[in-house]
Amino acid sequence: MLLAPPKRADDRAGLSDDDARAKRRGPRLEPQLLILSSGELSPFSLRLSERKPGGGTWLIASDGFRLPEAEPLGERR
């Protein structure tokens with residue numbers, strides 16, 4: 298007699314595949330930057346760099362109270 302594997306809450310009906318379930322879950326994604334509809338921001342810092350050789354790098358940051366500020370960090374080597 299064959300028994301069906303136990304159904305998990307995140308399984309589609311009739312399907313139970315541990316590998317597919319693990320791939321669907323992946324790493325837990327959480328927001329790094331939260332922007333509320335009121336315009337408030339969570340504190341953050343973000344470094345942006347051009348990929349080309351000698352490209353510029355910028356730091357954009359906010360303490361959560363003031364507007365974000367951007368400052369150049371120089372060229373990448």
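Last residue of the sequence shown: 374 in this note's numbering, with the numbers rising by one and none dropped.
Note that CB positions come from ideal geometry on N, CA and C, so glycine has one too.
Asked	Found
In the DSSP assignment, find the beta strand (DSSP E) that holds R344 and state where it starts and stops.	341-346
Where DSSP assigns a beta bridge to S359, which residues make up the other side?	F341
Among P350, L345, K349, which residue has its Cα nearest to the Cα of A367?	L345
Within its chain, find whatever has a CB closer than 6 Å to the CB of L343; leave out the 5 residues flanking it on each side and keep chain order.	I357
Sorted by chain position, which residues of the same chain lie with C-beta nearer than 8 Å to R363's C-beta, five sequence neighbours on each side aside?	none
Between P369 and G351, which are expected to be in contact by the criterion C-beta below 8 Å, what is the C-beta distance as a whole number of angstroms?	Contact flag wrong, Cβ pair sits at about 13 Å.
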